[in-house]
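Here the structure is laid out as structure tokens; the discussion comes afterwards.
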Amino acid sequence: MLHRLFLLLSLIAAVGVGACAPEGEIADDADDPVIVADEQDVVGAGRRVCTWNVRRLGNNFNNEPKNIDATAKVIRENCDLVALTEVMVTIAAAGSDHRGFDELLAKLGSRYWAGSISAHPVPNPPTSSSEFYAFIWRKSAVSECEGWTGVQTLSDPEDVFIREPAWGCFKLRAHAHELVLGAYHALFGSLPERKREVGFLDDDLDRDGTADELFEAMKASRPGDPDVLLLGDFNLKPNELAEVLPRYVDLTTNTGSTINQSNEITNNQYDHALVPPGARLLAATKPAETLDVRGVVAGNKFYTSVSDHLPIRVILK
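First residue of the sequence shown? That's 20 in the working numbering, and the numbers climb one at a time after it.
Printed below as a string of structure tokens:
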């Protein structure tokens with residue numbers, strides 16, 4: 020009887036503590052996510068910005084359906100804001116068909132999550148290889164900047180990018196400044212072709228005498244003094260990226276972010292987080308890390324059912 024009474028009192032005490040905590044309260048001094056009461060209550064939320072090449076989201080690959088449950092679980096447990104690449108046009112004839120993104124957002128649940136997606140896929144007119152850029156965020160930790168809706172895309176009058184970078188504007192609960200977050204997926208041709216395209220990111224593309232065209236466009240899209248951060252799959256290793264964009268700072272520190280057919284991490288760190296030289300974010304972020312989330316599915320099936328890339332994550336201080 021005493022044992023049962025002790026258990027009952029312990030349960031009552033635990034419930035009382037939970038009832039006293041403010042709904043959605045988040046500890047700002049934790050890096051890793053811990054589910055507290057529901058999906059809105061996550062320790063460390065409001066500082067975790069991710070990017071992920073989700074490998075042909077919306078289309079099957081390797082004759083195996085996409086594991087949307089596992090894909091959503093990775094985002095839910097590791098990110099507050101994520102920039103997604105390789106969000107595919109599901110039917111090439113219908114350029115606005117992005118049912119893979121819609122399915123992923125529905126799995127996360129509209130109560131706690133929101134998202135935006137570029138108006139048109141790239142390349143455009145759409146083919147079976149065209150992609151959207153998309154952003155998904157946890158509502159309790161992130162919101163779009165006031166007055167901002169949708170996704171903006173870099174003007175590319177000379178068609179130098181196969182997939183022009185795009186961006187959104189976000190206010191993170193635990194960060195002092197608004198964040199203009201860009202997403203980019205470089206072509207995957209020969210190494211010289213890749214270097215050539217990525218090198219255009221700091222060129223004067225419209226020949227107005229101003230370099231750093233992408234970052235200037237991102238910054239100019241939002242009044243005030245927002246932070247700017249470019250995430251994505253550059254299809255270049257760190258030394259190759261530094262060769263073509265020597266002035267930019269790569270926050271990424273790992274040595275591999277892609278998965279081979281044996282479900283092993285390769286030495287290809289193709290996914291990166293870039294900021295301009297002297298950016299305020301250099302003092303306001305921890306190094307970007309590649310997240311080994313292969314264990315989200317059993318039986319070495321991450322490569323075939325989720326993605327051939329791992330997400331990378333930036334922690335805002």
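Using N, Cα and C, we set each Cβ at its ideal position, and we do this for glycine too.
Note that the structure is a prediction, hence the values are computed from the model and not measured.
For the 8 angstroms CB-CB criterion, Arg182 and Pro142 form a contact. Distance from the CA atom of Trp186 to the CA atom of Asp231, rounded to whole angstroms, is 15 angstroms.
Per the C-alpha coordinates, the member of Pro140, Arg313, Gln171, Pro184 positioned closest to Asp221 is Pro184. Here Asp311 is not near Asp252, since their CB atoms are 8 angstroms or more apart.
Shown here, Pro306 sits in a strand according to DSSP, grouped into three states. Under the three-pair Cβ rule at 8 angstroms, the region 117-131 does not count as touching the region 273-281. According to DSSP, residue pairing for Lys190 in a beta bridge involves Ser162. Three or more pairs of CB atoms, one per stretch, sit closer than 8 angstroms, so the region 155-163 contacts the region 95-111. Straight-line measurement puts the Cα of Leu260 at about 8 angstroms from the Cα of Lys214. With a minimum length of 4 residues, the unbroken runs of alpha helix (DSSP H) contained wholly in the region 251-295 fall at 257-263. Annotated three-state conformation of Ile136 is strand, per DSSP.
When secondary structure is reduced to three states using DSSP, Glu232 falls in the helix class.
Listed in chain order, the non-local C-beta contacts of Trp167 below 6 angstroms within the same chain comprise Cys188, local neighbours out to five positions each way being set aside. In the three-state scheme derived from DSSP, where H, G and I count as helix and E and B as strand, Glu83 is classed as strand. CA-to-CA, the gap between Lys336 and Leu270 works out to about 14 angstroms. Distance from Glu165 to Met107 at the Cβ level is roughly 31 angstroms; contact not present, criterion being Cβ atoms closer than 8 angstroms. Membership of Ala125 in the alpha helix (DSSP H) is indicated by the continuous run 118-127. Burial is judged here by how many other beta carbons sit within 10 angstroms of a residue's own beta carbon; Glu308 has at least 16 and is buried. Take the alpha-carbon of Gly169 and the one of Phe154: they are about 9 angstroms apart. Fully enclosed alpha helix (DSSP H) runs of no fewer than 4 residues are not present anywhere in the region 91-115. Secondary structure note for Arg75: its beta strand (DSSP E) is the uninterrupted segment 67-76. A straight line joining the alpha-carbon of Asn86 with that of Val325 spans about 6 angstroms. Taking 8 angstroms as the cut-off, the Cβ atoms of Pro330 and Trp71 count as close.
The continuous beta strand (DSSP E) containing Leu198 extends over residues 198-204.
Assigned with DSSP and collapsed to three states, Phe207 falls in coil, not helix or strand.
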